[in-house]
Amino acid sequence: MTHRTAEDPAEEGEDALCAAAALGDREAFEVLIRRYGPPLYRYGRRMLADEADVADVVQETFVAAWRELPSFRGASSLQTWLFSICARKVVDTYRIRRAVPLDDRLLEALPAADSDDPFVVASNREFLAALEQALAELPIRQRAAWMMREIESMTFPEIGQVLGLSPDAARGHHHRATCTLEIRLRRWR
-13 MTHRTAEDPA EEGEDALCAA AALGDREAFE VLIRRYGPPL YRYGRRMLAD
37 EADVADVVQE TFVAAWRELP SFRGASSLQT WLFSICARKV VDTYRIRRAV
87 PLDDRLLEAL PAADSDDPFV VASNREFLAA LEQALAELPI RQRAAWMMRE
137 IESMTFPEIG QVLGLSPDAA RGHHHRATCT LEIRLRRWR
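Counting from -13, one number per residue, gives the positions in the sequence shown under the numbering used here.
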């Protein structure tokens, strides 16, 4: 294990952190966890219904990344590589357990648009519940593509790498998900 002296690991670039972590530097790997843990957790929360499953998937993602980091060659970004691992762990969880609808707390409530109007507040809650239900009913690849694009702002090539698809196939899954959601949520237009 290497030790750091003058440099703050949080200030280092991704390549330097990856190289240090691949050599066994736990501090560098902890920085990577702090950087990429929250987006992976957000993704997991929207892909899995059980909070314990989400925590397990994110933890298993980082355990796998720690083991595989020495073989990471940088053909994709570290974010894409980590999301690929996480997506495989999510699929593994689905194989073990049947999917259930998402928890109501997964999407944060929309602000009441500077209004305390009970109708607006109730409409926002109804919309979020309908969105969660519609997302839960999408096929897993469509839901994953939609979540990565709309929530994590990933590109279609990145989404394709994560899901093992071409960029065009990732775009197709996102498009089908968007069309389905538009139909299901037509009432809120």
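The beta-carbon is built from N, C-alpha and C at its ideal position, and this holds for glycine as well. In this text, all values refer to a predicted model and were calculated from it rather than measured experimentally.
Return the residue from the list A131, D39, C165 and G30 that minimises the CA-CA distance to G146. A131
Neighbour-count burial assignment, E54, 16 or more Cβ in a 10 Å radius: With fewer than 16 Cβ atoms within 10 Å of its Cβ, E54 is classed as exposed.
Can you tell me whether DSSP reads R170 as helix, strand or coil? Here R170 sits in helix by DSSP.
Can you confirm whether the stretch 33 to 49 touches the stretch 63 to 81 when touching is taken to mean that 3 or more C-beta pairs between the two stretches lie within less than 8 Å? yes
Exposed or buried, which one is V40 when buried takes at least 16 other CB atoms within 10 Å? So V40 counts as buried.
Of all the options R173, C4 and T47, which has the alpha carbon lying nearest to the alpha carbon of L114? R173
When DSSP labels each residue in this structure, what does P143 get in the three-state scheme? helix
Taking the alpha-carbon positions, what's the P143 to W52 distance? Roughly 24 Å separates the two Cα atoms.
Just tell me which of L171, K75, R59 and V148 has its CA closest to the CA of E112. Comparing Cα positions, the closest option is L171.
Between the Cα of I71 and the Cα atoms of G(-1), R59, L149 and R175, which residue gives the shortest distance? The candidate whose alpha carbon is nearest that of I71 is L149.
Looking only at C-alpha atoms, which of F58, Q119 and P153 sits nearest to D1? F58
Own chain, CB closer than 7 Å to W67, minus 5 neighbours either side, in chain order: F58
Please say whether V43 and G60 have beta carbons closer to each other than 8 Å? no
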